[in-house]
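Participant: Residue 0 is where the sequence shown starts when you use numbering that gives the first Met the number 0, and the numbers rise one by one after that.
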Amino acid sequence: MASGALPDAGQILNSLINSILLVDDDLAVHYANPAAQQLLAQSSRKLFGTPLPELLSYFSLNIDLMRESLHAGQGFTDNEVTLVIDGRSHILSLTAQRLPDGLVLLEMAPMDNQRRLSQEQLQHAQQVAARDLVRGLAHEIKNPLGGLRGAAQLLSKALPDPSLLEYTKVIIEQADRLRNLVDRLLGPQQPGMHVTESIHKVAERVVNLVSMELPANVTLTRDYDPSLPELAHDPDQIEQVLLNIVRNALQALGPEGGEIILRTRTAFQLTLHGVRYRLAARIDVQDNGPGIPQHLQDTLFYPMVSGREGGTGLGLSIARSLIDQHSGKIEFTSWPGHTEFSVFLPIRK
0 MASGALPDAG QILNSLINSI LLVDDDLAVH YANPAAQQLL AQSSRKLFGT
50 PLPELLSYFS LNIDLMRESL HAGQGFTDNE VTLVIDGRSH ILSLTAQRLP
100 DGLVLLEMAP MDNQRRLSQE QLQHAQQVAA RDLVRGLAHE IKNPLGGLRG
150 AAQLLSKALP DPSLLEYTKV IIEQADRLRN LVDRLLGPQQ PGMHVTESIH
200 KVAERVVNLV SMELPANVTL TRDYDPSLPE LAHDPDQIEQ VLLNIVRNAL
250 QALGPEGGEI ILRTRTAFQL TLHGVRYRLA ARIDVQDNGP GIPQHLQDTL
300 FYPMVSGREG GTGLGLSIAR SLIDQHSGKI EFTSWPGHTE FSVFLPIRK
C-alpha cells in the first residue's frame, strides 16, 4: 500500500476482533468478518443467505425492538445479548446500524470480564440487601406471633362454650403456619460443622433421595469427576442446596419429563468473593426443561421470587445464603431446552 493510502473497508473489517455481520431485514447474512465466522463456527460461504436465528440454538435479542429502532432511523444497542451455538453460550454487547444500501451492520463484542464481574457483584449485593430486609421483617413478625399464639391458648382454656374452641384452634394453627414460614425466611443463622471429605458423598445422598420422587419419564444422570479433591464443607447444608436445585429442575421438567444431569468438575484459578483460588469444586445441575423465564432471571435468588405457581421462592435464596457461608457462589445459565445451575466451592488457595 502506498504511503498515506488508506486500507479499504474490507481490510479493516477483516482485521477487527469484534464480530461484524451485514444482514438484511430478515436477518439473512450477506457478510461475516473472520471474527464472526469464528463465533458462529461457520465459513462465510455457509453463512451467506442464512437467517441469523437459524444458526443459533438460542438468541435473546429482541429482534422486533431492534427493527422498530432501525425503521425509525435510529441505531440500536443491547449491552447484554445471550446467544447459544452448539450448546455453548456467549454473552455479548450488540449494536445495529442501518447502512445507506439498506443492509444492517451488526457488531457484537464479548462482554468485558471485569464489567461482567462488576455486574455480578452488584447483583449479589442487591440480593443480600433484599434478603437482609426480609429477615428483618421476619424478626418483627415473629415476636408478636408468639404472643398471639399464647393468647389463643389461654383463651381456649377460659372459654365457657367448647364449641368456640374451633376458632382458637384455627388461630393457633395459622400462627404456627406463619411461624414456620418466618423460620424459613430467616434461613440458617449459624455456620454449620465443616468436615473434609468428597463432595460426591453428598451428591449420592441427593441422588438417593430424589430417585424416590422421579417419575418414569425423567432420567437422572451422574457425571462425576473422580479426580476432584476432597474439600471442607458442611454436608447437611450442601445437601440442602443441591436438593433444592435438583428438585427445582424436576419441577421445571413438568409432566413432559426429560433429563437431569448432576455433574462435578475441578475448576482452576477461580475468584470467589474477591479471593483467588487455585482449585475449586464445580457442581452442575443441568436439565432440558423449558428454561427460566427471562423476566425472572435477574431476581431469581431474591426471597419470595418463584416461577412456579404455589412456590415460596425461598429455596434458591436459602441456597445462596448457605453457599455464601462456604465462601462459594452459585450462578446459572438458561434458555429454552437448557438450564444449568453451577455451585462453586473453594478447595485450595
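Quick reminder that beta carbons are idealized off the backbone N, C-alpha and C, glycines included.
None of these values were measured; they are calculated from a predicted model.
#1: Quick one: is I346 buried, meaning 16 or more other Cβ sit within 10 Å of its Cβ, or exposed?
#2: Keeping to the same chain, check which residues put their C-beta closer than 6 Å to that of H331; ignore five residues upstream and five downstream.
#3: Exposed or buried, V194, counting other C-beta atoms within 10 Å across all chains shown (16 or more means buried)?
#4: Quick check on the DSSP output: what are the complete alpha helix (DSSP H) runs of length 4 or more inside the region 254-340, in order along the chain?
#5: Measure how close the beta-carbons of L344 and H232 come, nearest whole angstrom, since I'm counting them as under 8 Å.
#6: Can you tell me whether S42 is buried or exposed, with buried defined as 16 or more other CB within 10 angstroms of its CB?
#7: Please report how far the alpha carbon of R176 lies from the alpha carbon of E165, in whole angstroms.
#8: At 4 residues or longer, what runs of the alpha helix (DSSP H) sit wholly inside the region 191-216?
#9: Note down, in chain order, each residue of its chain lying with its Cβ closer than 8 Å to the Cβ of A151, except the 5 sequence neighbours on either side.
#10: Identify, in the order they occur along the chain, each residue of the same chain with its Cβ nearer than 8 Å to the Cβ of L213, setting aside the five sequence neighbours on each side.
#11: From what residue to what residue does the alpha helix (DSSP H) around S43 run?
#12: If distances are taken between C-alpha atoms only, which option among I322, A202, D24 and L46 comes closest to Q96?
#13: Can you find the residues in the same chain that come closer than 7 Å, C-beta to C-beta, to A35, ignoring five residues on each side of it along the sequence?
#14: According to DSSP, simplified to helix, strand and coil, what is Q96?
#15: Note down the Cα distance separating D283 from D222, rounded to an integer number of angstroms.
#16: Under 8 Å between the Cβ atoms of T81 and S92?
#17: Where DSSP assigns a beta bridge to A108, which residues make up the other side?
#18: Quick check: what's the CA-CA separation for L295 versus R319?
#19: Based on the DSSP output, what are the partners of T220 in its beta bridges?
#20: Quick one: residues in its chain with C-beta nearer than 6 Å to the C-beta of Q113, no 5 flanking neighbours on either side, listed in chain order?
#21: Who are the near neighbours of V205 in its chain, counting only those whose CB is closer than 8 Å to its CB and skipping five residues on each side?
#22: Is the beta carbon of T49 sitting closer than 8 Å to the one on T76?
#23: Only counting the same chain, and skipping five residues up and downstream in sequence, which positions put a Cβ closer than 7 Å to that of G256?
#24: Would you report the Cα separation of L321 and Q236, rounded to the nearest angstrom?
#25: By DSSP's criteria, Q244 is part of a beta bridge. Which residues make up the other side?
#26: What did DSSP end up calling T49 once you bin it into helix, strand or coil?
#27: Could you check whether P289 and P335 sit closer than 8 Å to each other, using their CB atoms as the reference points?
#28: Between L15 and the rest of its own chain, which residues show a CB-CB distance below 7 Å, the 5 nearest in sequence each way excluded?
#29: For L227, I'd like the list of residues in its chain whose CB is within less than 8 Å of its CB, leaving aside the five on either flank, ordered along the chain.
#30: Can you name the start and end residues of the beta strand (DSSP E) that S68 belongs to?
#31: Give the C-beta separation of H29 and L102 to the nearest angstrom, bearing in mind that I take them to be a contact with Cβ-Cβ under 8 Å.
#32: Compare the Cα-Cα distances from Y276 to each of I317, E258, A251 and L230 and report the closest residue.
Facilitator: Let's see:
#1: buried
#2: At residue 331 the sequence reads Phe, which differs from the His that was named. Cβ-Cβ distances below 6 Å link F331 to F340 in the same chain, with the five nearest sequence neighbours on each side left out; the list follows chain order.
#3: exposed
#4: 293-296 and 314-324
#5: Right, their Cβ atoms sit about 6 Å apart.
#6: Exposed, by the Cβ-count rule.
#7: 16 Å
#8: 198-210
#9: T167, I170, I171 and A174
#10: L219 and L249
#11: S43 to L46
#12: D24
#13: Within the same chain, A35 has close Cβ partners S18, I19 and L20.
#14: strand
#15: 9 Å
#16: no
#17: S92
#18: Whole-angstrom Cα-Cα distance: 16 Å.
#19: I260
#20: With a pLDDT of 49 at Q113, under the threshold of 50, the modelled position of that residue is not reliable, and no figure is offered here.
#21: E238, L241, L242, V245 and L261
#22: Cβ distance not < 8 Å, so T49 and T76 don't count as in contact.
#23: Here the set comprises P214, N216 and V217.
#24: Rounded to the nearest angstrom, the gap between the Cα atoms of L321 and Q236 is 7 Å.
#25: Strictly speaking, residue 244 in this sequence is Ile, with Gln absent from that position. None, per the DSSP bridge assignment.
#26: coil
#27: yes
#28: N32 and A34
#29: S197, I198, H199, T263, R264, T265 and A280
#30: For S68, no beta strand (DSSP E) run applies; the uninterrupted alpha helix (DSSP H) run containing it begins and ends at I62 to H70, by DSSP.
#31: 6 Å
#32: L230
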